[in-house]
Amino acid sequence: MEGSEELREALVTLRRENDLLRVETTHANLLLKALDAVLCVDGGDDPFAGVFSALMPVFDCSHAIVLIEPKNETEGLECVASSAPSAVGSLWAQDKLLEKALAGRIITTVADFDVAAGPGVPGLDFTGREPALYLPLGVRGRRGLMLLLRSDGKPGFDRAHVALAKKFSLLASHAFAAKRANQTEMERHRLKHLTEQLEASQQALRHRANHDQLTDLPNRAYIEELVEEAIASKLEGEELALAFIDLDNFKRVNDIHGHAAGDALLREVSKRMRCTIRHSDILGRISGDEFVIVLNHIGRHSDISALVKRICNRLREPFHIEGTEIHPSASIGVAIHPVHGGDYDTLRRHADMAMYHAKIVSKGSIAFFNRQLEKKATEKHILEQELRNALDMHAFHCALQQKVDIRTGAIVGFEALARRVDRHGIMHAPMTFLPLANELGLLNDITDLVICDLERELPRLDARFGAGVRYSVNITPNQAANMQFMQRLVEQLRNTGRPESFMLELTEESLAVTGPFQSHVLPLLRDAGIGLSIDDFGTGYSSLATIADLTVDELKIDRSLISSIHNRPRSQSILRAIESMGTALGISVVAEGIETMEENLYLMAQTGLRIGQGYLFHKPQLLTALLQETPATPRPGHDRNNREPA
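Note that the sequence shown covers residues 258 to 903 in my numbering.
Okay, here's the thing in structure tokens:
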């Protein structure tokens with residue numbers, strides 16, 4: 258019996274221990290689940306939803322509320338979580354029970370012990386007699402507590418609940434602190450990562466804004482900033498030079514090899530110049546095929562010359578682009594600080610002037626800025642303004658120079674020439690303005706004014722010289738290559754009602770563009786009856802096949818062959834060859850630039866030429882002066898209607 262009682266007591270004890278172990282295991286699982294809800298929830302989500310779902314069934318609660326001390330001095334505690342969402346944000350009066358819980362004590366109340374009165378939030382209808390359990394918590398770095406409430410009439414919380422609450426309160430406070438610290442560290446790393454990304458993005462944007470996308474060199478705006486910094490940091494006794502570099506004939510590379518090859522060449526040019534200059538120098542691309550190099554920390558002027566020559570020589574060496582060997586060159590202008598300018602804009606402008614001077618003298622050469630260049634640039638600017646004003650004021654007029662039969666003196670035609678008359682009534686010759694007008698793209702408008710001037714006076718010219726006289730109009734190579742201009746010009750001559758009275762004069766240089774000219778313009782000329790003349794013949798390269806294909810009507814022998822022809826046997830031989838060619842091809846040949854009687858006598862005696870032009874016969878005159886001139890008495894044999902085709 259005694260043994261049976263002992264065994265029974267042992268079994269009861271074991272069962273009690275098993276029950277306790279089971280409770281402890283349940284409590285442990287509960288704690289793990291609740292802590293997991295605290296630690297594993299995302300930073301921006303509410304962790305208490307999971308805690309409530311884990312704790313409330315075990316504690317048999319009807320409500321769960323989390324209160325914390327507010328950040329400011331507001332009286333009462335702030336509800337930051339609740340099983341009744343409507344309670345979140347409410348304020349609770351801080352009574353003695355709440356103060357004890359905030360101090361770290363776990364408190365339970367029974368049905369006959371008044372619970373802290375709530376703020377009257379919908380969904381929390383307290384009678385004041387609900388059993389309550391107060392669990393101290395550290396939340397968000399502030400003191401707080403969790404309040405678990407049972408329904409009115411239910412028994413209070415027992416010691417097991419208190420024991421579990423102690424464990425949860427301690428572990429949850431540590432978990433919240435660890436989570437907050439971890440979130441702070443994670444946030445710090447996240448902010449650091451975002452900051453690094455933002456800085457990298459800003460650097461990339463800054464680099465993109467300051468550098469040329471094709472060559473990755475500093476662009477125009479950034480170069481200015483770098484140069485101003487270099488000027489500001491220049492030491493006393495040091496020189497700083499700005500070299501303006503322009504690739505010669507780069508457009509030809511694009512035209513022949515394509516823009517992809519042109520871009521590749523620009524990249525290779527950039528690489529070669531980078532390898533040629535010093536580490537302290539600055540290289541940038543300011544546009545198209547134009548580059549700038551800033552030579553820093555120069556001790557002597559001779560060092561600048563040596564560096565620039567090295568750059569120029571390196572750019573003369575061939576480049577291999579897409580399997581093709583390209584031989585470029587570069588014209589370089591140099592301006593030195595502070596002699597030639599105290600800031601970037603002045604230095605760049607003066608280096609640009611020097612570069613254009615180098616290009617005019619010899620492509621692929623170097624020129625240093627000087628005040629004479631500045632004077633020329635100023636004069637050029639003034640002339641540009643005068644030309645533009647002259648266009649606006651219609652101050653370009655037609656002047657005519659006679660083409661005569663050298664054997665009879667009969668006028669067989671006129672060459673129409675442009676003259677500018679300024680506000681003082683002074684007439685300016687073409688060479689004083691045509692080169693710049695061509696450079697500025699004003700020549701087409703000037704040609705329009707000359708033809709309009711001529712067209713207005715055609716009736717008076719007919720009355721004076723006869724309707725059979727033909728008028729020649731000069732066309733530049735650029736104009737001949739401009740199909741839109743040429744088509745408009747032909748239409749303008751058609752509108753005169755007598756296009757057959759006109760002839761277009763092209764130089765030998767214009768023959769280089771005969772492809773589009775022959776296919777698009779020549780048919781228009783032939784259809785309208787407009788003649789075609791080759792001006793300055795004998796000074797350039799002319800293909801006889803091209804002349805034949807163009808069905809040229811007239812060849813005008815350049816003055817360089819006519820000048821002193823009577824004393825130059827070699828020129829005489831060339832003249833006879835041209836005359837023979839003209840006869841064979843049925844082309845009229847005109848001797849241009851006859852200025853002396855000796856030249857004219859030789860042509861009449863030793864050649865079969867009939868038509869001549871030059872100051873010996875007539876200087877160019879404005880239409881008004883020409884029409885007011887007293888007609889000369891025709892020489893014997895004069896017959897305007899019996900002349901060679903012009």
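The beta-carbon is built from N, C-alpha and C at its ideal position, and this holds for glycine as well.
All of these numbers come straight from a predicted model, not from anything done at the bench.
Straight-line spacing of the CA atoms in Thr-665 and Arg-727 works out to 18 Å. If the five residues before and after Thr-753 are omitted, its C-beta is found closer than 8 Å to the C-beta atoms of Glu-712, Leu-715, Phe-759, all from its own chain and listed in chain order. Within the model, the alpha-carbon separation for Glu-836 versus Gly-786 is close to 25 Å. In the structure shown, the three-state DSSP call for Tyr-872 is coil. When rounded, the separation of the alpha-carbon atoms in Glu-525 and Ile-534 is 14 Å.
With a contact defined as Cβ atoms closer than 8 Å, Arg-529 and Asp-469 miss out at about 16 Å. For Thr-603, no beta strand (DSSP E) segment is defined; the enclosing uninterrupted segment is the alpha helix (DSSP H) at 601-618. Taking a 10 Å sphere around the C-beta of Ala-500, we find 16 or more other C-beta atoms and assign the residue as buried. Beta-bridge partners of Pro-475 (DSSP): His-468. Under the three-state reduction of DSSP output, His-577 falls in the strand class. Distances from the alpha-carbon of Leu-394 to those of Pro-412, Ser-767, Glu-485, Ala-422 put Ala-422 closest. The criterion of a C-beta distance shorter than 8 Å is not satisfied by Ile-831 and Lys-813.
Annotation: Met-854 is outside any beta strand (DSSP E); the continuous alpha helix (DSSP H) that includes it extends over 854-863. Under DSSP, the beta-bridge partners assigned to Ile-502 are Phe-548, Ile-589.
Here Gln-351 carries a coil assignment [DSSP, helix/strand/coil]. Non-local C-beta neighbours of Asn-701 in its own chain, meaning closer than 7 Å and more than five positions away in sequence, comprise Gln-736, Phe-742, ordered along the chain. Inter-segment contact for the region 812-828 and the region 849-869 is present: three or more beta-carbon pairs are separated by less than 8 Å.
If you draw a 10 Å sphere on the C-beta of Met-610, you find 16 or more other C-beta atoms in it, and that means buried.
Thr-733 sits in coil when the DSSP states are folded into three classes, being neither helix nor strand. Only exposed fits Asp-602, as fewer than 16 other CB atoms lie within 10 angstroms of its CB. DSSP assignment within the region 505-566 yields the following whole alpha helix (DSSP H) runs of 4 residues or more, N-terminal first: 507-514, 516-533. Ala-656 sits in a strand when the DSSP states are folded into three classes. Counting only residues of its own chain and dropping the five nearest sequence neighbours on each side, Arg-571 has a CB closer than 7 Å to the CB of Arg-529, Thr-533. Taken atom to atom, the span from the alpha-carbon of Glu-326 to that of Met-403 is near 12 Å. At a Cβ-Cβ threshold of 8 Å, Val-591 and Ile-868 do not count as neighbours. Under the DSSP definition of a beta bridge, Ser-339 partners with Ile-322. Assignment of beta-bridge partners to Arg-727 by DSSP yields Gly-670. A Cβ-Cβ contact shorter than 8 Å links Gln-870 with Gln-658. Excluding its 5 nearest sequence neighbours in each direction, Ala-694 has C-beta neighbours in its own chain below 7 Å: Leu-644, Leu-700, Ile-703, listed in chain order.
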